[in-house]
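Here the structure is laid out as structure tokens; the discussion comes afterwards.
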Amino acid sequence: MKWSGKTQSGGKSAGWGKRQPIFQFRRSSRKAQVSSWGTKHKEARPRRRFRKRSLLLLMLVFMLLFTVPSFIFIERNLRPPLMNIAKVRVKQVATQAINKAITEQVARKSDQEKLIDWKMNGNGKISGFMLNYAEHMSITSETIETVQSTLKEIKDIPEHIPIGHALNSAIISSFGPRVPVKFEPVGAVKVELSTRERNAAINMVLVEVYIKVVAEVSIIIPFDTEPELVETEIPISYLLVVGDVPMYYYDSSGKAVGENAPQAPNISVPISPGTGVTTSPDTEEEKKKEEEGHSSLFQMQAE
Numbered sequence: 069m070k071w072s073g074k075t076q077s078g079g080k081s082a083g084w085g086k087r088q089p090i091f092q093f094r095r096s097s098r099k100a101q102v103s104s105w106g107t108k109h110k111e112a113r114p115r116r117r118f119r120k121r122s123l124l125l126l127m128l129v130f131m132l133l134f135t136v137p138s139f140i141f142i143e144r145n146l147r148p149p150l151m152n153i154a155k156v157r158v159k160q161v162a163t164q165a166i167n168k169a170i171t172e173q174v175a176r177k178s179d180q181e182k183l184i185d186w187k188m189n190g191n192g193k194i195s196g197f198m199l200n201y202a203e204h205m206s207i208t209s210e211t212i213e214t215v216q217s218t219l220k221e222i223k224d225i226p227e228h229i230p231i232g233h234a235l236n237s238a239i240i241s242s243f244g245p246r247v248p249v250k251f252e253p254v255g256a257v258k259v260e261l262s263t264r265e266r267n268a269a270i271n272m273v274l275v276e277v278y279i280k281v282v283a284e285v286s287i288i289i290p291f292d293t294e295p296e297l298v299e300t301e302i303p304i305s306y307l308l309v310v311g312d313v314p315m316y317y318y319d320s321s322g323k324a325v326g327e328n329a330p331q332a333p334n335i336s337v338p339i340s341p342g343t344g345v346t347t348s349p350d351t352e353e354e355k356k357k358e359e360e361g362h363s364s365l366f367q368m369q370a371e
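Throughout, our numbering is defined as the position within the sequence shown, counted from one, plus 68.
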């Protein structure tokens, strides 16, 4: 049932006199639908809002169920291996940077002839040596400044470790998200300039002058922080001390070697046990039996 709003005179509808139907009857193959103004939109909006809220709640529940076990798994299983890998990586980066900085800035500038003061005897031969204190302090102070500035520079360089490294698997070692690793210098840098000697030949000694650096850093990974010591030794000078050739000496087998080897006394190893040599109880019993046998023989001969 439709009512047209046309006028009789012109056949056109007037805007002010136009009426809208209150009810509309729609015919369809299934059912007749009756709709009024605004009722359809008012019923659809609450349903859409309810669906959005339910989806958000489901997503939040799913995220909680996923994140809580993952945090527990990382805390129990992944944190220790990640920290060990981070320690190795930080030590490697810090040691390489310190060695390079000291080699370029300290070792090349130091005067090797002034590092050691040699002591001579009355015959003009070397009897000993000691480190030059002034050169020693200069190298130590310059090394401390170089190491501290180097650690401050490399701490801003980001390092990332694939989480597959912590699973001890060769297949997935390079897969997974990368965990950021940082470190901060902690405390003062300790620098020690020292020497060590090694035998180069029968009459030669190789003296090595080296710098020992000990720096404490704090390794920072997600969920954990631990302190770690970074130690490294950098040789800065080698000195060869040549002494007199001995008249003779003995090799590992006890034979005399040298120009005057025939005049050297022979070295013989004592066979009989000396004082402080322990014997087993079986040998002691055998000795007692032998002594008793000898005494019985002497008695029989005397009779």
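Backbone N, C-alpha and C define an ideal beta-carbon position, used for all residues, glycine too.
Nothing here was measured: the structure is a model prediction, and the numbers come from that model.
>> Using only the alpha-carbon positions, how far apart do His204 and Ile239 sit?
In response: So the alpha carbons of these two residues sit roughly 51 Å apart.
> Whose CA, out of Pro230, Ser122, Ile279, Gly190, lies closest to the CA of Ile207?
Replying inline: Residue Ile279 is the option with its Cα nearest to Ile207.
> How would you call Thr214, buried or exposed, if buried means at least 16 neighbouring beta carbons within 10 angstroms?
Replying inline: Answer is buried; the Cβ neighbour count reaches 16.
> Expressed to the nearest angstrom, what Euclidean distance is found between the alpha-carbon atoms of Pro253 and Val259?
Replying inline: Distance between the alpha carbons of Pro253 and Val259: 15 Å.
> Relative to the C-alpha of Lys159, which residue among Glu296, Pro303, Pro333 is closest?
Replying inline: It is Glu296 whose Cα lies nearest to the Cα of Lys159.
>> What does DSSP give as the partner residue(s) for Pro303 in the beta ladder?
In response: Pro303 is bridged to Tyr278.
>> Quick check: the Cα distance between Lys390 and Ile288, rounded to an integer number of angstroms?
In response: This structure cannot settle anything about residue 390, because the visible part of the chain is limited to 69 through 371.
> By DSSP, does Tyr317 sit in helix, in strand, or in coil?
Replying inline: When secondary structure is reduced to three states using DSSP, Tyr317 falls in the strand class.
>> So within the region 208-276, which uninterrupted beta strand (DSSP E) runs reach at least 3 residues, ignoring any that extend past its ends?
In response: Complete beta strand (DSSP E) runs here, min 3: 227-230, 246-269.
> Which value, in whole angstroms, describes the spacing of the CA atoms of Tyr318 and Ile304?
Replying inline: Those two C-alpha atoms are separated by around 34 Å.
> Going by the CB atoms, is the gap between Val277 and Thr263 shorter than 7 Å?
Replying inline: Contact: yes.
> Measuring CA to CA, which of Glu227, Glu172, Gly196 is closest to Val273?
Replying inline: With distances taken between CA atoms, Val273 lies nearest to Gly196 out of Glu227, Glu172, Gly196.
> Looking at the unbroken beta strand (DSSP E) that takes in Leu199, where does it start and where does it end?
Replying inline: It spans 194-199 - the beta strand (DSSP E) in which Leu199 sits, taken as one unbroken run.
> Are Thr171 and Thr300 touching if we call contact CB-CB under 7 Å?
Replying inline: Contact check for Thr171 against Thr300 fails: the beta carbons are separated by 7 Å or more.
>> Quick check on DSSP: helix, strand or coil for Pro349?
In response: Bear in mind that a pLDDT of 49 at Pro349, under 50, signals an unreliable position, so the model cannot answer this.
>> Output needed for Lys200: all residues of its chain with C-beta closer than 7 Å, excluding positions within five of it in sequence on either side, in chain order.
In response: One detail in the question is off: residue 200 reads as Asn in this sequence, not Lys. Non-local C-beta neighbours of Asn200 in its own chain, meaning closer than 7 Å and more than five positions away in sequence, comprise Lys182, Leu183, Ile184, Asp185, ordered along the chain.
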